[in-house]
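Beneath this line is the structure, given in structure tokens, with notes to follow.
Numbering (the UniProt record's numbering), first residue to last: 1 to 176.
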């Protein structure tokens with residue numbers, strides 16, 4: 001900010017006031033500009049006002065300025081839930097992260113079997129149907145949210161199992 005045009009001399013200090021949309025208001029007294037507000041949440045709108053003071057008291061507050069903090073890596077995905085299953089597919093959905101949920105570019109869905117086979121795919125929605133799976137097999141599913149800044153913490157792993165299929169043809173039928 002700049003000093004007031006009216007009576008700019010003898011400014012003793014400034015009060016910088018900032019508030020987020022959930023109503024939390026904080027203020028700090030500073031001697032001069034610039035001032036770096038720290039401890040803000042990523043991806044959040046803040047309304048900022050500055051008031052100049054002289055020995056006679058406060059001046060008129062600046063017009064409110066609304067600024068948005070930068071995106072950070074997203075938080076952890078939660079509520080990974082199976083919607084449906086077949087013998088060869090698992091459909092699931094999940095909830096966006098509670099921390100830094102804005103500007104998510106995509107999600108990485110990772111699935112693995114107990115034998116160590118790992119596959120993954122990248123999707124843009126919070127719904128995914130993994131196809132081409134083996135029948136009656138347990139899969140360990142993990143999902144990661146991504147922003148242009150980086151990847152978030154992986155979700156808690158979820159164990160999901162495909163359904164049983166009809167058996168194949170029996171072989172080696174003998175009289176013994």
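Yeah, the Cβ is synthetic: ideal placement off N, Cα and C, and Gly gets one too.
Three-state secondary structure assigned by DSSP to residue i
i, result
"residue 95", "strand"
"residue 128", "strand"
"residue 78", "strand"
"residue 149", "coil"
"residue 39", "coil"
"residue 90", "strand"
"residue 4", "coil"
Endpoints, beta strand (DSSP E) assigned at residue i
i, result
"residue 112", "106 to 113"
"residue 50", "45 to 54"
"residue 28", "25 to 30"
"residue 117", "From DSSP, residue 117 is part of no beta strand (DSSP E); its letter is neither H nor E."
"residue 138", "138 to 146"
"residue 13", "13 to 20"
"residue 68", "65 to 68"
"residue 159", "158 to 161"
Residue j beta carbon less than 9 Å from that of residue i
i, j, result
"residue 122", "residue 139", "no"
"residue 62", "residue 45", "no"
"residue 29", "residue 15", "yes"
"residue 11", "residue 52", "yes"
"residue 71", "residue 137", "no"
"residue 43", "residue 102", "yes"
"residue 141", "residue 80", "yes"
"residue 19", "residue 47", "yes"
Proximity winner among the options, relative to residue i (alpha-carbon distances)
i, options, result
"residue 109", "77, 100, 2", "77"
"residue 125", "117, 97, 113, 114", "97"
"residue 168", "135, 155, 150, 157", "135"
"residue 158", "164, 113, 146, 170", "113"
"residue 33", "162, 13, 6", "13"
"residue 93", "127, 111, 74", "127"
"residue 155", "111, 174, 58", "111"
"residue 163", "174, 47, 84", "84"
"residue 160", "58, 133, 171, 152", "133"
"residue 1", "24, 166, 57, 64", "64"
"residue 31", "120, 3, 23", "3"
Inset, instruction - Kindly confirm or deny that the stretch 21 to 41 and the stretch 83 to 92 touch, where touching means at least three C-beta pairs closer than 8 Å. - result: no
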